[in-house]
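Undergrad: For the sequence shown, this note's numbering begins at 3 and goes up steadily by one.
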Amino acid sequence: MSLYSQWRGMADAQMTPAEHQAFWTEYLDIETQAYKKILQRRENFYEGKLSSLAEEFGMSPVVFAGFMDGINTSLVKEVDLESLAEDSDVSLKVDFEKLYYNMLDAKAKWLYTLPEWDNILSPIKRREIHAKWQSERQAVSNKIGRNEPCPCGSGKKYKKCCGRDATE
């Protein structure tokens with residue numbers, strides 16, 4: 003069984019609400035510390051054997067595979083999670099703009115508000131990324147307004163042309 007499959011088994015295991023809360027509280031604390039380390043190193047990205055990196059981040063290899071699941075889409079080169087083994091070579095070379103965007107998308111406020119971001123992305127750049135993220139989530143209506151030009155190309159208002167049947 004792969005490390006990632008073991009992680010999924012742990013994360014999806016039947017637990018009491020208290021056990022579930024304790025599991026995720028512990029994991030999120032470990033995850034936060036890992037991201038702080040990554041953000042502090044900035045250009046000297048982490049790479050090496052999965053087992054060594056897991057140890058450096060204070061995680062078991064299985065938990066590190068779960069961490070990799072969260073950061074994978076923010077890496078310059080994504081890894082195949084199912085193929086991860088303790089002796090796998092792993093590179094945590096991060097695209098920081100993509101990471102910030104993905105943290106917004108995951109609604110991980112405890113991560114995208116870390117003070118370590120100050121040395122990586124300027125407040126202006128973070129606002130730009132946030133604005134882009136928000137604009138991509140806005141619903142866009144395809145409804146034609148009554149006073150808009152008719153899409154048939156007649157030059158008439160929609161209400162006086164193709165929209166006439168809709169209003170009667």
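By construction, the Cβ of each residue, glycine as well, lies at the ideal position given by its N, Cα and C atoms.
1) Per DSSP, what kind of secondary structure is residue 94 in: helix, strand or coil?
2) Could you please give me the residues that DSSP links to residue 77 through a beta bridge?
3) DSSP has residue 49 in a bridge; who is on the other side?
4) If you draw a straight line from the alpha carbon of residue 156 to that of residue 125, how long is it in whole angstroms?
5) Between which two residues does the alpha helix (DSSP H) containing residue 25 stretch?
6) Please classify residue 3 as buried or exposed, where buried requires at least 16 neighbouring CB atoms within 10 angstroms.
7) Kindly confirm or deny that the stretch 145-154 and the stretch 113-123 touch, where touching means at least three C-beta pairs closer than 8 Å.
8) Would you list the residues sitting across from residue 159 in a DSSP beta bridge?
9) Could you spell out the range, first to last residue, of the alpha helix (DSSP H) harbouring residue 83?
10) For residue 96, which of 109, 111, 85, 79 has the nearest alpha-carbon?
11) Is the separation between the beta-carbon of residue 44 and that of residue 122 shorter than 7 Å?
12) With DSSP collapsed to three states, give me the class of residue 165.
13) Can you grab the Cα-Cα spacing for the pair residue 18 / residue 28, in whole Å?
14) Here's a check: name, in chain order, each residue in its chain whose Cβ is nearer than 7 Å to the Cβ of residue 114, leaving out the five neighbours to either side.
TA: Answer, in terms of the structure:
1) coil
2) In the DSSP assignment, residue 77 forms a beta bridge with 96.
3) 93
4) Residue 156 and residue 125: Cα-Cα distance of roughly 48 Å.
5) Under the DSSP assignment, residue 25 falls in the alpha helix (DSSP H) whose first and last residues are 19-43.
6) exposed
7) no
8) 151.
9) Segment: none, residue 83 is in no alpha helix (DSSP H) and carries neither H nor E.
10) 79
11) yes
12) coil
13) 15 Å
14) 102, 105, 106
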